[in-house]
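Participant: Note that the protein sequences, when read in sequence, are chains X and D. Under this note's numbering, the first residue of the first sequence is numbered 9, with each subsequent residue one higher. Under this note's numbering, the first residue of the second sequence is numbered 9, with each subsequent residue one higher. Backbone N, C-alpha and C define an ideal beta-carbon position, used for all residues, glycine too. Encoded as structure tokens, here's the structure I'll be asking about.
There are 2 protein chains.
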Amino acid sequence: MDDQKIKNMEEFAAVSGLSRPTISKFFNDPSSVRKTTRRRIEEALERFDYRPNMYAINQNRRLTKNIGIVVPYLADPFFAEIARVIETLVLEAGFRPVLLGSHGDPEQEIDNLENLRLIKPAGVLLAPLGRLSDADRIAAFCEEVPTVLFDSSIDGVGEAFVGLDSFQGIGLIVDYLCRTGEPPAFFEMEKPTNPNAYKRRSAYLAAMDELGHTPQLIQAPGEGWEFEEIGFREGSRIIRDGNLTTDTILCSNDRLAIGFLSAAYQAGKKVGIGAGCALRVAGHDDHPFSRYTCPTLTTVAQDYSAIATKSAETLFGVIEAGTRLDSREVTFFDGKLIMRGSA
Amino acid sequence: MDDQKIKNMEEFAAVSGLSRPTISKFFNDPSSVRKTTRRRIEEALERFDYRPNMYAINQNRRLTKNIGIVVPYLADPFFAEIARVIETLVLEAGFRPVLLGSHGDPEQEIDNLENLRLIKPAGVLLAPLGRLSDADRIAAFCEEVPTVLFDSSIDGVGEAFVGLDSFQGIGLIVDYLCRTGEPPAFFEMEKPTNPNAYKRRSAYLAAMDELGHTPQLIQAPGEGWEFEEIGFREGSRIIRDGNLTTDTILCSNDRLAIGFLSAAYQAGKKVGIGAGCALRVAGHDDHPFSRYTCPTLTTVAQDYSAIATKSAETLFGVIEAGTRLDSREVTFFDGKLIMRGSA
DNA sequence: AACAAAACTTTACACGCGTAAAAGAAATTG
DNA sequence: CAATTTCTTTTACGCGTGTAAAGTTTTGTT
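Spelled out as structure tokens, the structure:
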């Protein structure tokens, strides 16, 4: 590697013995130049350390190769994991992923979108905060930038939505719990941030109804994203008060369940299916940690990879077509029952 | 808000009745224009939706207002959390945070730095992968871009390093464990990815030596970032084989401990300090989940906020000074003993 | 009111690359 | 080998902003 510093494409064209427009063509699509030319450029690239100035490139393009990925909360391993998978797919497709977390804050979510607008992304993959989201402004953003929503939907917003079929997933686990023991009560947040939570509640009610059982809702007060804390606090209270009519708790998501399990443990209530167990607890999502809880958590698995792949490919399709979709495309994936120790 | 689309600064200057250079000055520093002028611009900003083109802005600047934040693994809540804190600080200081995770992959880490170089960041906050990192290339990057390392150090690389004092922290917990029960064995990975792990091992050996106890190392085979899995697998093996000479296990980090706790639970060994407990387990880091494990995990807390603040402010200092530090600045923070149920 | 200082306007050039048009060179074809 | 096609070069302009220099207006001070 020569030490000579290459300042710009002009200089790089000079040292590789070609003209600047040819170099430009090469960087936009290496296969668009003659094979021999391509080799000459690649050889020069090995000798000299040059990469086109990203700002100059994108100044002229109407849109860039950037793809925004926005999730509600990066410190939640569930979103961190799905973001990781999406990021990989975006890279493989030759785009530049730009990952942003909203920290559970609707203003931050809008800021993220505003900041994305500044870098003129080719498209955006957005998991909205949910109930708290500023739906109008998100909708306005989606008018400007092709956007695919995932995990949590906003009616009519975005080119497409990819998520989980709550009715199927909750149905599955309610059915399982009823077959193997007492019908479950449903443990959730009083004011869930996530619209999926509402769907899950409805799904629970419907499933119980269908099986001829009386539903029981346990609604924990509390705001924010400290789900484990809320699950723990309310779980402790429930166990202490002891006015449950069932020994089986289905939690709206795994993080609540993790908090609940902790509460049960501290209260000395054994959770599980064997003899001597006082409670059964199940969750929903197959959170990365749910296989290490005590006991391990029975839950409904979201297929991270399927959701990520479908979202990303839908977006790539829209970007390549260069036109918006005729109608909003909605995809629901089935959840999978993961039987572990807790129920 | 008028609907008229503002294309560029020229047009915005026109509608606000000022010249373009004045507008440019305003966007670079609102306080650099007369108060009345500033108000005029701000009023215009409320009427028209204009924001300068980021690519055009940065094309001329030798460096931008971007600050890169690179962590080894975003799906690890520990790093997600510290990244979140740093991100907030960077924003408050008027910079644009660019968050990148290396997915535990040294190539990805280098890619991240390469990509950062393209956006000419004012500085970078980097938590290296550790043992696997391509130290030479990271060093080369740090020559070009002011970089502050945190969490895990690379000798002589970067303007500064901010981390935890392993000897103090491990000393603290070893001391506590020895005072309150049997001296601990040290549970770690055979080939840790993180150099902190080596320091922690040395610190353990030193602390045990000082207290006149015989150290015992338990080294789990396994690679990668699935620490819980490794902790679980090796923990199960240890418990099954039963050739421990102590009932107390100090884990090199909380994630290993989480796996170990799960193994103990499944083996029917009660962990804790009370009567009827077969094992004591302690960790290190105060991982966000360690307060919800069963039992809750006794550990050494890293002061996330202190590490984040010190790293960020050191970097801001270097950026503002415009010159590199005379000598590499190294800061270690003390860990804090967090006594919970497990030991 | 006079004056200096501060702020603004005008003008002009720079940044690094995309891209179009026309002309020239090289590769491919029959 | 000539004709044709494909690729490359030359030339030139545009993108939206930073920024410097020189001239003009406004502001604040005495």
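1. Suppose contacts are defined by Cβ-Cβ distances below 7 angstroms. Is Ala-64 (chain X) in contact with Gln-67 (chain D) by that definition?
2. Hey, is the segment 192-201 of chain X in contact with the segment 231-249 of chain X, meaning 3+ C-beta pairs nearer than 8 angstroms?
3. Would Asp-262 (chain X) be called buried (16 or more neighbouring beta carbons within 10 Å of its own) or exposed?
4. Assess contact between the segment 274-282 of chain X and the segment 211-219 of chain X, defined as three or more Cβ pairs (one per stretch) separated by less than 8 angstroms. Is contact present?
5. Check whether the segment 76-83 of chain D and the segment 283-301 of chain D are in contact - that is, three or more C-beta pairs closer than 8 angstroms.
6. Helix or strand or just coil, what does DSSP make of Gln-227 (chain X)?
7. Just checking my contact of Ser-270 (chain X) with Leu-305 (chain X) at CB under 8 angstroms: how many whole Å lie between their CB atoms?
8. Using a Cβ-Cβ distance cut-off of 7 angstroms, determine whether Glu-234 (chain X) contacts chain D.
9. Roughly how far, in whole angstroms, is the beta-carbon of Arg-288 (chain X) from the beta-carbon of Leu-185 (chain X), given that I think they are within contact range, below 8 angstroms?
10. Identify whether Leu-134 (chain D) lies in helix, strand or coil by the three-state DSSP scheme.
11. My output table needs one value for Thr-339 (chain X): the three-state DSSP class, helix, strand or coil.
12. What would DSSP say about Ala-283 (chain X), mapped onto helix, strand or coil?
13. Quick check on DSSP: helix, strand or coil for Thr-317 (chain X)?
14. Let me see if you follow: with CB-CB separation under 7 angstroms, is Cys-285 (chain X) close to chain D or not?
15. If we cut at 7 angstroms on Cβ distances, does Gln-12 (chain D) have a partner in chain X?
16. Taking 7 angstroms as the CB-CB limit, is Ala-135 (chain D) close to chain X?
17. Given a cut-off of 7 angstroms on the beta-carbon distance, is the pair Pro-303 (chain X) and Pro-85 (chain X) in contact?
18. How many angstroms separate the CA atom of Glu-18 (chain D) from the CA atom of Phe-20 (chain X)?
19. In terms of residue numbering, what span does the beta strand (DSSP E) encompassing Glu-196 (chain D) cover?
20. Tell me where the alpha helix (DSSP H) around Arg-125 (chain D) begins and ends.
21. Under three-state DSSP, which class holds Gly-177 (chain D)?
22. Would a check of beta-carbon distances place Gln-67 (chain D) closer than 7 angstroms to chain X?
23. Provide the residue span of the alpha helix (DSSP H) that contains Asn-68 (chain D), from first to last.
24. Report buried or exposed for Leu-225 (chain D), applying the criterion of at least 16 other Cβ atoms within 10 angstroms of its Cβ.
25. For the segment 249-270 of chain D, enumerate the residues whose C-beta is nearer than 7 angstroms to any C-beta of chain X, in chain order.
26. Find the residues of chain D that neighbour Tyr-58 (chain X), judging by a C-beta separation of less than 9 angstroms, and give them in chain order.
27. For the beta strand (DSSP E) that Asn-344 (chain D) lies in, which residues bound it at each end?
28. Under DSSP, the alpha helix (DSSP H) around Gly-189 (chain X) begins and ends at which residues?
29. At a CB-CB cut-off below 8 angstroms, which residues of chain X make contact with Glu-196 (chain D)?
30. Could you tell me which chain X residues have their CB closer than 9 angstroms to the CB of Ile-127 (chain D), listed as they occur along the chain?
31. For Gln-12 (chain D), is the classification buried or exposed, using 16 other Cβ atoms within 10 angstroms of its Cβ as the cut-off for buried?
32. Would you call the segment 203-210 of chain D and the segment 148-164 of chain D touching, i.e. three or more CB-CB distances under 8 angstroms?
33. Just by C-beta distance, which residues in the segment 301-327 of chain D are closer than 9 angstroms to chain X?
34. In chain order, what residues of the segment 66-88 of chain D put their CB closer than 7 angstroms to some CB of chain X?
35. Any idea if Thr-307 (chain D) is buried or exposed, counting beta-carbon neighbours within 10 angstroms, 16 or more meaning buried?
Facilitator: According to the structure data:
1. Cβ atoms of Ala-64 (chain X) and Gln-67 (chain D): closer than 7 angstroms.
2. Remark: three or more beta-carbon pairs, one from each stretch, lie closer than 8 angstroms, so the segment 192-201 of chain X and the segment 231-249 of chain X are flagged as touching.
3. With 16 or more Cβ atoms within 10 Å of its Cβ, Asp-262 (chain X) is classed as buried.
4. At 8 angstroms Cβ cutoff, the stretches do not touch.
5. By the Cβ test, the segment 76-83 of chain D is not in contact with the segment 283-301 of chain D, since fewer than three Cβ pairs between them sit closer than 8 angstroms.
6. Strand, per DSSP.
7. With a beta-carbon spacing of about 12 angstroms, Ser-270 (chain X) and Leu-305 (chain X) fall beyond the 8 angstroms limit used to define contacts.
8. At least 7 angstroms separates the CB of Glu-234 (chain X) from every CB of chain D.
9. Right, their Cβ atoms sit about 7 angstroms apart.
10. Look at Leu-134 (chain D) here: in three-state DSSP terms it is strand.
11. Correct three-state label for Thr-339 (chain X): strand.
12. Ala-283 (chain X): coil per DSSP, three-state reduction.
13. The three-state reading of DSSP puts Thr-317 (chain X) in helix, counting H, G and I together.
14. Cβ-Cβ to chain D under 7 angstroms: no for Cys-285 (chain X).
15. No, Gln-12 (chain D) does not count as interfacial toward chain X.
16. No, no contact with chain X.
17. Between Pro-303 (chain X) and Pro-85 (chain X), the CB-CB gap reaches or exceeds 7 angstroms.
18. Distance between the alpha carbons of Glu-18 (chain D) and Phe-20 (chain X): 33 angstroms.
19. Here the beta strand (DSSP E) through Glu-196 (chain D) covers 193-197.
20. Start and end: 114-126.
21. Helix at Gly-177 (chain D).
22. Interface residue, yes.
23. If you look at Asn-68 (chain D), you'll find it in the alpha helix (DSSP H) that goes 62-68.
24. Around the Cβ of Leu-225 (chain D), a 10 Å sphere holds fewer than 16 other Cβ atoms; the residue is exposed.
25. The segment 249-270 of chain D vs chain X, Cβ under 7 angstroms: Ile-266, Gly-267, Leu-269, Ser-270.
26. Under the 9 angstroms cutoff, chain D gives no residues; its nearest Cβ is about 11 angstroms from Tyr-58 (chain X).
27. The displayed chain sequence assigns Lys, not Asn, to residue 344 (chain D). It spans 344-346 - the beta strand (DSSP E) in which Lys-344 (chain D) sits, taken as one unbroken run.
28. From DSSP, Gly-189 (chain X) is part of no alpha helix (DSSP H); its letter is neither H nor E.
29. Ordered by position in chain X, no residue passes the 8 angstroms Cβ test against Glu-196 (chain D), which lies about 18 angstroms from the chain.
30. Residues of chain X whose Cβ lies closer than 9 angstroms to the Cβ of Ile-127 (chain D) are, in chain order, Met-62, Tyr-63.
31. Its Cβ having fewer than 16 others within 10 Å, Gln-12 (chain D) is exposed.
32. These segments touch.
33. Those would be Thr-301, Cys-302, Pro-303, Thr-304, in chain order.
34. Listed by position, the residues of the segment 66-88 of chain D near chain X (Cβ gap below 7 angstroms) are Asn-66, Gln-67, Leu-82, Ala-83, Pro-85, Ala-88.
35. Looking at its Cβ environment, which holds 16 or more other Cβ atoms inside 10 Å, Thr-307 (chain D) is buried.
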